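Asker: Mind looking over this structure? Questions follow.
2 protein chains.
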Amino acid sequence: MNIISVQALQTLISQHGLDTFLADLMAQLRTDFSRWGDFTQMPRPAMHVPGGVIELMPICDQKYYAFKYVNGHPQNPTNGKQTVIATGQLSRVADGYPILLSEMTLLTALRTAANAALATDVMARKDARIMAIIGNGAQSEFQVQATRLVRDITEVRYYDIDPAAMDKFARNLKGGGFKLVRAKSAEVAVRGADIVTVCTACKQHVDVIKDEWVAAGMHINGLGGDCPGKTEIEQSLLERCQILVEYFEQSVIEGEIQRFEPAVARRKIVGELHELLTNKITVRTSPKDITLFDSVGIALEDYSALCLLQRLVTQYGVGEVCELIPTPSNPKDLFSLVVAKR
Amino acid sequence: MNIISVQALQTLISQHGLDTFLADLMAQLRTDFSRWGDFTQMPRPAMHVPGGVIELMPICDQKYYAFKYVNGHPQNPTNGKQTVIATGQLSRVADGYPILLSEMTLLTALRTAANAALATDVMARKDARIMAIIGNGAQSEFQVQATRLVRDITEVRYYDIDPAAMDKFARNLKGGGFKLVRAKSAEVAVRGADIVTVCTACKQHVDVIKDEWVAAGMHINGLGGDCPGKTEIEQSLLERCQILVEYFEQSVIEGEIQRFEPAVARRKIVGELHELLTNKITVRTSPKDITLFDSVGIALEDYSALCLLQRLVTQYGVGEVCELIPTPSNPKDLFSLVVAKR
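As given, the protein sequences belong to chains H and S, one line each in that order. With my numbering, letter number 247 in the first sequence gets 829, and the count goes up by one each step, no holes. With my numbering, letter number 332 in the second sequence gets 914, and the count goes up by one each step, no holes.
Here it is, written out as structure tokens:
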């Protein structure tokens, strides 16, 4: 069984190229979302603990079963720890045997960015040039990197309540061939932007984006509203948006649309991402529409990331064999593994 | 982060001793079941796939979050593969960080045996001497090994539809200081036994144990009825038993009691294991009672196994460090891990 450490994934990305990896991931996501009916899915089982949330995200089709373990602890950075840590596993459906176990902290940042870029590609105006990113934490630069693959971004405005996070963001993205604008407030960043990506960590209902800042034509990626009691967008703004979600059953629990009663939420959304990708619905009908990708992150995205990873680790020969699966000569003779040693 | 391979667990067990490990696990299970109210639990999310089932089993208390990945594919042995493979992870609740990742195939066999022995200890007659074990697959010898820690077993009768499995069972347990009796049928094994443990893999409603074979005073561990549509005990026998389950909400979906309507099932059981261990209920009120531990396997048992393992790997210094958790110098600077490598 192949285990992919952080180091192994770093090596793989340095060889394959970050932009190539993100582009491949977008292609994989597009393919997998487009065969939505092939998957068995469920809203992710979450356990709410003091200071955060811990979740498992399972999914399967006829070939693979994937799951991710992931937490969200907004106060972790005050103790030098990351807000989100994730691990995941890919298994064969035919026999239930695991084949790949991986770090998924980096992989989650990558797939979240690739997925938002995919949605941006099919939702934002083609002439979108100015991107605003509110929340400059661990995922923020990945978002910019991926968005640049789908739109010709000439200006990136950034804002975070933590000035050190803004410093880090600027340091990582300077010299990238676009104008970097340090905004004095979320309002300054958002007003006049074409694409607004929001990824903050606070586990409360916070109006990170206010209705009055938002003008016709904007596309918003709402990524941080992803847990019961955790939203980022002023509720009155939702009324003005063409809203797309990934998977209604989970989004109504975790997304911005949790602020409506389920039956109301169902009417407020235009539909799900897979429907847009397969041309079953249209979200942006005019350059003046305000579009919102109310993204919570679903297991299918981790499935896509793990499947791509599985292909690439074979191609590049990275990873480490660590035997987590017993191999008794007789499959029914597990006991010999512990008595032979006595 | 410490990763426990099959080899590492074998080393640990050979050093600690199999019986000591099982006894420690029983003690840990007793402790954890006795503080039932400390845990956040849920029936395990299962996905039914062609040929089997794949499940995740999450649980947490205030200190640890544990989960197990486990499959059940009854046809695997015909292809030289094991029916059940499992992996698991223990994480800290305070920050969501994983601390231990382990093989759990062996560990599942060990905890299932320790748990059934714990139940047998508090349910079977004190003078029980004859054990019958129906289903001589991967878990069977572990069951005998653990049961011997709680009762003075002088005779073990065994039966499986697969003669090769019976051969293997006898080979592994010969010379153990008890009489080994190869039975010609399940009926021959069961009639007159004091303790009957049933652990077969067939994913159907099968009457592995028939009502008419069972006399007053018997204790039955029904372990293989652990999935919707998979039971082992003739329904009419259930009517005669004092039934104990682990966790009603899950057992009513997966256990022998799935054959009743939920409201009926609730009345048919005496209660849950934790209630018996904390003296809130009595199951055996007379030597003539027939008792049934309708066990499905719950996440708490994996929690106990992982916590014991965590203690022992520290004590014996086994396991392998494999970094699945990124450690950027700034917790919000995940991006530097992929751009530094470009």
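Every residue, glycine too, gets a C-beta built ideally from N, C-alpha and C. Here the structure is a predicted model, which means the values were calculated and not measured.
1. Can you check which of these residues, S:V790, S:P745, S:F751, S:A881, is closest to V738 of chain S by C-alpha distance?
2. So does the stretch 796 to 805 of chain H actually touch the stretch 676 to 685 of chain H, counting three or more Cβ pairs closer than 8 Å?
3. Report yes if the C-beta distance between L874 of chain S and C823 of chain S is below 7 Å; otherwise report no.
4. Kindly list, in the order they appear in chain H, the residues whose Cβ is closer than 9 Å to that of T622 of chain S.
5. Any C-beta of chain S sitting closer than 7 Å to the C-beta of P582 of chain H?
6. Which chain S residues sit within Cβ distance under 8 Å of E685 of chain H?
7. Does DSSP put Q589 of chain S in a helix, a strand or coil?
8. What residues are listed by DSSP as bridge partners for G670 of chain H?
9. Looking only at its own chain, which residues have a Cβ that is under 7 Å from the Cβ of S918 of chain S, when we skip the five neighbours before and after it?
10. Quick one: Cα of P908 of chain S to Cα of T687 of chain H, how far?
11. Identify whether H801 of chain S lies in helix, strand or coil by the three-state DSSP scheme.
12. Taking 7 Å as the threshold (beta carbon to beta carbon), is K812 of chain S in contact with chain H?
13. Using the three-state DSSP reduction, which class does P640 of chain S fall into: helix, strand or coil?
14. Kindly list, in the order they appear in chain H, the residues whose Cβ is closer than 8 Å to that of G719 of chain S.
15. With a cut-off of 8 Å, do at least 3 Cβ pairs link the stretch 627 to 639 of chain S to the stretch 606 to 614 of chain S?
16. Any idea which residues DSSP pairs T622 of chain S with across the strands?
17. Within the same chain, show all residues whose beta-carbon is closer than 7 Å to that of F842 of chain H, passing over the 5 residues directly before and after it, in chain order.
18. At 8 Å on the CB atoms, spell out the chain S contacts of C784 of chain H, in chain order.
19. If we count Cβ pairs, one from each stretch, closer than 8 Å, do we get three or more for the stretch 858 to 876 of chain S versus the stretch 820 to 835 of chain S?
20. In chain H, which residues lie with their C-beta within 8 Å of the C-beta of C889 of chain S?
21. Interface residues of chain S around E723 of chain H at Cβ under 7 Å?
22. When you compare the CB of L600 of chain S with every CB in chain H, is at least one pair closer than 7 Å?
23. Using the DSSP secondary-structure output, state which residues sit across from H787 of chain S in a beta bridge.
24. Taking the beta strand (DSSP E) that D876 of chain H belongs to, which residues open and close that run?
25. Could one say the Cβ of S587 of chain S lies closer than 7 Å to chain H's Cβ atoms, at least one of them?
26. How would you label S818 of chain H, buried or exposed, when you count the other beta carbons within 10 angstroms and need 16 or more for buried?
27. By the DSSP assignment, the beta strand (DSSP E) with A714 of chain H in it spans what residues?
28. Taking C-alpha atoms, which residue in H:V631, H:Q657, H:Y646, H:I667 lies nearest to S587 of chain H?
29. Can you check which of these residues, S:M713, S:A710, S:L855, S:R711, is closest to E883 of chain S by C-alpha distance?
30. Could I get the ranges of all uninterrupted beta strand (DSSP E) runs contained in the stretch 881 to 922 of chain S, with 3 residues as the minimum, in chain order?
31. Just checking: is the beta-carbon of N584 of chain S within a distance shorter than 7 Å of some beta-carbon in chain H?
32. Need the endpoints of the alpha helix (DSSP H) that K761 of chain S sits in, please.
33. Closest to T660 of chain S by CA distance: which of H:S722, H:T813, H:N912 is it?
34. Can you give the beta carbon distance from A847 of chain H to L689 of chain H, rounded, assuming they're within the 8 Å contact cut?
35. If the cut is a Cβ gap below 9 Å, which residues of chain S does N667 of chain H touch?
36. Secondary structure at E836 of chain S, three-state DSSP: helix, strand or coil?
Answerer: Judging by the given coordinates:
1. Looking up residue 738 of chain S in the second sequence gives position 156. The shortest C-alpha separation from V738 of chain S is found at S:F751.
2. no
3. What you label residue 874 of chain S is simply residue 292 of the second sequence in a count that begins at 1. What you label residue 823 of chain S is simply residue 241 of the second sequence in a count that begins at 1. It is a contact, given that the beta carbons lie within the stated cut-off.
4. For the purposes of this step, residue 622 of chain S is taken as the residue at position 40 of the second sequence. M629, H630, V631, listed in chain order.
5. Lying before the first or after the last residue shown, residue 582 of chain H is absent from chain H, which here runs from 583 to 924.
6. By 1-based counting over the first sequence, the position of residue 685 of chain H is 103. Near E685 of chain H (Cβ distances below 8 Å), the residues of chain S are E905, L906, I907, P908.
7. What you label residue 589 of chain S is simply residue 7 of the second sequence in a count that begins at 1. If DSSP states are grouped into helix, strand and coil, Q589 of chain S belongs with the helices.
8. Along the first sequence, read from residue 1 onward, the residue named residue 670 of chain H stands at position 88. DSSP output for G670 of chain H lists H:K650, H:S684 as bridge partner(s).
9. Taking the second sequence and counting its residues from 1, the one referred to as residue 918 of chain S is at position 336. Correct list, in chain order: P910.
10. Sequence index remark: in the second sequence, residue 908 of chain S carries index 326 (1-based). Sequence index remark: in the first sequence, residue 687 of chain H carries index 105 (1-based). P908 of chain S and T687 of chain H: Cα-Cα distance of roughly 7 Å.
11. Taking the first residue of the second sequence as position 1, residue 801 of chain S is located at position 219. In this structure, H801 of chain S counts as strand in the three-state DSSP scheme.
12. Your numbering for residue 812 of chain S matches position 230 in the second sequence. It does not; no Cβ of chain H falls within 7 Å.
13. Counting from one through the second sequence, the residue named residue 640 of chain S turns up at place 58. Three-state DSSP puts P640 of chain S in a strand.
14. On the second sequence, residue 719 of chain S is found 137 positions in, with the first residue counted as 1. Near G719 of chain S (Cβ distances below 8 Å), the residues of chain H are K914.
15. no
16. Reading the second sequence from its first residue, position 40 is the one you call residue 622 of chain S. The partner list for T622 of chain S (beta bridge, DSSP) reads S:C642.
17. Taking the first sequence and counting its residues from 1, one reaches residue 842 of chain H at position 260. K850, listed in sequence order.
18. Residue numbering aside, residue 784 of chain H sits at position 202 when the first sequence is read from its first letter. Those within 8 Å of C784 of chain H in chain S number zero; the least Cβ separation is about 14 Å.
19. yes
20. Taking the first residue of the second sequence as position 1, residue 889 of chain S is located at position 307. The premise fails here: C889 of chain S is roughly 16 Å from chain H at the closest Cβ pair, so nothing lies under 8 Å.
21. In the first sequence, counting from the first residue as 1, residue 723 of chain H sits at position 141. The answer, in chain order, is F917.
22. Translated into positions along the second sequence, residue 600 of chain S becomes position 18. It does: the Cβ of L600 of chain S has a partner Cβ on chain H nearer than 7 Å.
23. Here the question's residue 787 of chain S lines up with position 205 in the second sequence. H787 of chain S pairs with S:T813.
24. Walking along the first sequence from the start, residue 876 of chain H turns up at place 294. Here the beta strand (DSSP E) through D876 of chain H covers 872 to 876.
25. Here residue 587 of chain S refers to the residue found at position 5 when the second sequence is read from its first residue. By this cut-off, S587 of chain S is an interface position.
26. Here residue 818 of chain H is taken as the residue at index 236 of the first sequence, counted from 1. Label assigned to S818 of chain H: exposed.
27. Position 132 of the first sequence holds residue 714 of chain H. 712 to 716 is the span of the beta strand (DSSP E), which, as asked, contains A714 of chain H.
28. As a position in the first sequence, residue 587 of chain H is number 5, starting the count at 1. If we check each option's Cα against that of S587 of chain H, H:I667 comes out closest.
29. By 1-based counting over the second sequence, the position of residue 883 of chain S is 301. When each option's Cα is compared against that of E883 of chain S, the closest is S:L855.
30. none
31. Translated into positions along the second sequence, residue 584 of chain S becomes position 2. Not one chain H Cβ lies under 7 Å of N584 of chain S.
32. Numbered from its first residue, the second sequence carries residue 761 of chain S at position 179. Premise fails: K761 of chain S lies in the beta strand (DSSP E), 761 to 764, not in any alpha helix (DSSP H).
33. Position 78 of the second sequence, counting from 1, holds the residue named residue 660 of chain S. Minimum Cα distance to T660 of chain S is reached at H:N912.
34. By 1-based counting over the first sequence, the position of residue 847 of chain H is 265. By 1-based counting over the first sequence, the position of residue 689 of chain H is 107. Not a contact, Cβ separation roughly 30 Å.
35. One-based indexing of the first sequence puts residue 667 of chain H at position 85. It should be pointed out that residue 667 of chain H corresponds to Ile in this sequence rather than to Asn. Neighbours of I667 of chain H on chain S, chain order: S673, D677, G678, Y679, P680, L906, I907, P908.
36. Within the second sequence, numbered from 1, the residue matching residue 836 of chain S stands at position 254. Three-state result, E836 of chain S: helix.
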